[in-house]
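Note sheet for the following structure.
Numbering (the working numbering), first residue to last: 158 to 300.
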């Protein structure tokens, strides 16, 4: 009823097995390492922009270097102006730390998971503090 296909197959068989593609492939672990390094590098950039001096930036940079095999590029940001909206930056850093925590948990990287959880706590507290400060100033308190 059906006419047989007369064209050559798209996959060429060599020595009884299909030929493997010639492009490099990465394993799931390598892909997670790359993704985790990216999230941590973004967290490092926001941490540097905030100018936090609690040693977190050095620990994050150490983990990025471990995952990538080279030191991350860092930019020296100028100090934030007085009254800058740091709550938004802290929320962004919190979100990045949460993403890093999810990837670290999926690849069973305990050191990064602990670091990400600590950064989430620190940025959540800083965001609450930064959000509450303008309300206190409106109530008549001095900065």
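Glycine included, each C-beta is placed from N, C-alpha and C at the ideal position.
Here the structure is a predicted model, which is why all the values come from computation and not from measurement.
Check: Inspect the beta-carbon positions of residue 257 and residue 207 and report whether they are closer than 8 angstroms.; Outcome: no
Check: Is it the case that the Cβ atoms of residue 221 and residue 254 are separated by a distance below 8 angstroms?; Outcome: no
Check: From what residue to what residue does the alpha helix (DSSP H) around residue 237 run?; Outcome: From DSSP, residue 237 is part of no alpha helix (DSSP H); its letter is neither H nor E.
Check: Where does residue 195 sit, in a helix, a strand or coil, going by DSSP?; Outcome: helix
Check: On the criterion of 16 or more Cβ atoms from any shown chain inside 10 Å, does residue 276 qualify as buried, or is it exposed?; Outcome: buried
Check: Taking a contact to mean a Cβ-Cβ separation below 8 angstroms, would you say residue 270 touches residue 261 in this structure?; Outcome: yes
Check: Count the other CB atoms within 10 Å of the CB of residue 211; is the residue buried (16 or more) or exposed (fewer)?; Outcome: exposed
Check: Could you name the residues of the same chain whose beta carbon sits closer than 7 angstroms to that of residue 288, not counting the 5 residues immediately before and after it, in chain order?; Outcome: 244
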